[in-house]
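Protein chains in written order, with our numbering: chain P, 4 to 188; chain W, 4 to 188. Beta carbons are placed, not taken as given, at the ideal position from N, Cα and C, and that holds for glycine. All values derive from a computational prediction rather than experimental measurement.
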């Protein structure tokens, strides 16, 4: 008799941004970090470190809830080699999302690596999967967003417990609720 | 007798970026334009105009194929009022994607509006739908990418006919094919 179907556990997904340029990329990497958080990743490893950016994201997490954080790393290679889980490198040169997705769906832990303008060639070798969200040039923010959404689906509000405020979805206009004490999610 | 099932035609999706700041946002709006193109939108209306950015995107389209282009507009209101189709405003304050999607799936033409840091209040009123990709702060690039991907699915290579080169997806490394003469897509 087959085992009863169980609800699949959400995998833990961490993101590693390689080749951030603190002087030049602050807004782009901020968007990347916020998208990672909003779409269900648990944390962002940032190479090289950018304490100001990490502080800004920490302030967002305090206000809007959840445990997402940015961890600066001075070398990206150890993050990959020490990671206990599958490593997915997002690149326009890789295999199509639809062909990779069935192979990684059951992984309990995934590290998603996104590069900037210049990506070290070693990344293609060190990753378990090189995955393309379409074989056209676009944006690492867009690629990460589509990947997380396809892998994790909608992010449940319970990911964002403990914030100071939350949005009540509206047809028109804005409605933001101040959360007093504990946010039930 | 019910009519036989026909393959649904892909809707035509245009994007309108409101409140671009040419001095400050060039990279972010470039990412937005490239994501719009790669994920199947037909064009980007850019407010206010930014000829340099439009030229950069035109160069990408020449090299990588397709007919996507950036059209500068000095006022965004007429774009909405003259648009013959549904208007979807992406905002973290809006209704959830999953509740809006069934209502817009059959639209033949859609205009997707994305704001920057400050969004004019009138947009909430003038749009047919205010749609949130999660009720958390993140990125207009990420929101647009998830929306286009959910609405249009994978972008067929035929969208990118006529380029000078194309990528052959690989497990490792990069493979780019120079296209001589007409690209069959």
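Show which residues of chain W have a CB atom less than 8 Å away from the CB atom of residue i.
{"i": "residue 79/P", "result": "Near residue 79/P there are no residues of chain W at all, since even the closest Cβ is about 18 Å away, more than 8 Å."}
{"i": "residue 23/P", "result": "Under the 8 Å cutoff, chain W gives no residues; its nearest Cβ is about 13 Å from residue 23/P."}
{"i": "residue 48/P", "result": "Going along chain W, no residue has its Cβ under 8 Å from residue 48/P, so there is no contact; the nearest lies around 18 Å."}
{"i": "residue 110/P", "result": "Those within 8 Å of residue 110/P in chain W number zero; the least Cβ separation is about 17 Å."}
{"i": "residue 62/P", "result": "Result: empty, since nearest Cβ-Cβ is about 11 Å, beyond 8 Å."}
Buried or exposed: residue i, going by 16 or more other Cβ atoms within 10 Å of its Cβ?
{"i": "residue 128/P", "result": "exposed"}
{"i": "residue 103/W", "result": "buried"}
{"i": "residue 167/P", "result": "exposed"}
{"i": "residue 134/W", "result": "buried"}
{"i": "residue 109/W", "result": "exposed"}
{"i": "residue 55/W", "result": "exposed"}
{"i": "residue 162/W", "result": "buried"}
{"i": "residue 85/W", "result": "exposed"}
{"i": "residue 183/W", "result": "exposed"}
{"i": "residue 146/P", "result": "buried"}
{"i": "residue 58/P", "result": "exposed"}
{"i": "residue 125/P", "result": "exposed"}
{"i": "residue 1/P", "result": "Nothing about residue 1/P can be reported from this structure: the residues present for chain P run from 4 to 188 only."}
{"i": "residue 136/W", "result": "buried"}
{"i": "residue 106/W", "result": "exposed"}
{"i": "residue 171/W", "result": "exposed"}
{"i": "residue 20/P", "result": "buried"}
{"i": "residue 62/W", "result": "exposed"}
{"i": "residue 101/P", "result": "exposed"}
Does DSSP put residue i in a helix, a strand or coil?
{"i": "residue 107/W", "result": "helix"}
{"i": "residue 143/P", "result": "helix"}
{"i": "residue 158/P", "result": "coil"}
{"i": "residue 53/P", "result": "coil"}
{"i": "residue 90/W", "result": "strand"}
{"i": "residue 248/W", "result": "No information on residue 248/W is available, as it lies outside the stretch 4 to 188 that chain W covers here."}
{"i": "residue 71/P", "result": "coil"}
{"i": "residue 115/W", "result": "strand"}
{"i": "residue 18/P", "result": "strand"}
{"i": "residue 65/P", "result": "helix"}
{"i": "residue 24/P", "result": "coil"}
{"i": "residue 148/P", "result": "helix"}
{"i": "residue 46/W", "result": "strand"}
How far does the alpha helix (DSSP H) with residue i in it extend, from its first residue to its last?
{"i": "residue 127/P", "result": "125-129"}
{"i": "residue 178/W", "result": "First-last for residue 178/W: undefined, no H or E at that position."}
{"i": "residue 41/P", "result": "29-41"}
{"i": "residue 82/W", "result": "80-85"}
Using only the alpha-carbon positions, how far apart do residue i and residue j sit?
{"i": "residue 153/P", "j": "residue 140/P", "result": "19 Å"}
{"i": "residue 42/W", "j": "residue 18/W", "result": "11 Å"}
{"i": "residue 188/W", "j": "residue 123/P", "result": "Only weak support is given to the placement of residue 188/W: the predicted model assigns it a pLDDT of 46, under 50, and the value that follows is read from those uncertain coordinates. Whole-angstrom Cα-Cα distance: 30 Å."}
{"i": "residue 40/P", "j": "residue 71/P", "result": "6 Å"}
{"i": "residue 151/W", "j": "residue 138/P", "result": "16 Å"}
{"i": "residue 23/P", "j": "residue 28/W", "result": "17 Å"}
{"i": "residue 158/W", "j": "residue 13/W", "result": "10 Å"}
{"i": "residue 176/P", "j": "residue 96/W", "result": "7 Å"}
{"i": "residue 165/W", "j": "residue 67/P", "result": "46 Å"}
{"i": "residue 181/P", "j": "residue 78/P", "result": "40 Å"}
{"i": "residue 186/P", "j": "residue 69/P", "result": "Only weak support exists for where residue 186/P lies, its pLDDT of 47 falling under 50; the value from the coordinates is given anyway. Each residue's alpha carbon lies about 10 Å from the other."}
{"i": "residue 75/P", "j": "residue 45/P", "result": "15 Å"}
{"i": "residue 121/W", "j": "residue 26/W", "result": "16 Å"}
{"i": "residue 179/W", "j": "residue 38/P", "result": "29 Å"}
{"i": "residue 173/P", "j": "residue 98/W", "result": "5 Å"}
{"i": "residue 131/P", "j": "residue 91/P", "result": "6 Å"}
{"i": "residue 65/P", "j": "residue 155/P", "result": "23 Å"}
{"i": "residue 30/W", "j": "residue 80/P", "result": "27 Å"}
{"i": "residue 144/P", "j": "residue 113/W", "result": "23 Å"}
{"i": "residue 48/W", "j": "residue 117/W", "result": "10 Å"}
{"i": "residue 51/P", "j": "residue 35/P", "result": "15 Å"}
Cβ closer than 9 Å: which chain W residues qualify as neighbours of residue i?
{"i": "residue 121/P", "result": "Under the 9 Å cutoff, chain W gives no residues; its nearest Cβ is about 13 Å from residue 121/P."}
{"i": "residue 176/P", "result": "96, 124, 127, 128 and 133"}
{"i": "residue 57/P", "result": "Those within 9 Å of residue 57/P in chain W number zero; the least Cβ separation is about 16 Å."}
Give me the chain P residues within the contact set of residue i, using Cβ-Cβ distance strictly less than 7 Å, ordered along the chain.
{"i": "residue 170/W", "result": "95, 96 and 138"}
{"i": "residue 70/W", "result": "The premise fails here: residue 70/W is roughly 13 Å from chain P at the closest Cβ pair, so nothing lies under 7 Å."}
Applying a beta-carbon distance threshold of less than 8 Å, which residues of chain P neighbour residue i?
{"i": "residue 129/W", "result": "The premise fails here: residue 129/W is roughly 10 Å from chain P at the closest Cβ pair, so nothing lies under 8 Å."}
{"i": "residue 101/W", "result": "157"}
{"i": "residue 19/W", "result": "By Cβ distance, chain P contributes nothing, its closest Cβ being about 17 Å from residue 19/W, past 8 Å."}
Which bits of chain W does residue i rub up against, with CB to CB less than 7 Å?
{"i": "residue 142/P", "result": "34, 37, 38 and 144"}
{"i": "residue 30/P", "result": "31"}
{"i": "residue 149/P", "result": "148, 149 and 152"}
{"i": "residue 113/P", "result": "Under the 7 Å cutoff, chain W gives no residues; its nearest Cβ is about 17 Å from residue 113/P."}
If I follow the unbroken beta strand (DSSP E) through residue i, where does it start and stop?
{"i": "residue 120/W", "result": "Premise fails: residue 120/W is in no beta strand (DSSP E) and is neither H nor E."}
Is it the case that the CB of residue i approaches a heavy atom of the ligand MN more closely than 8 Å?
{"i": "residue 19/W", "result": "Here there are no bound small molecules, and the ligand MN is not part of this structure."}
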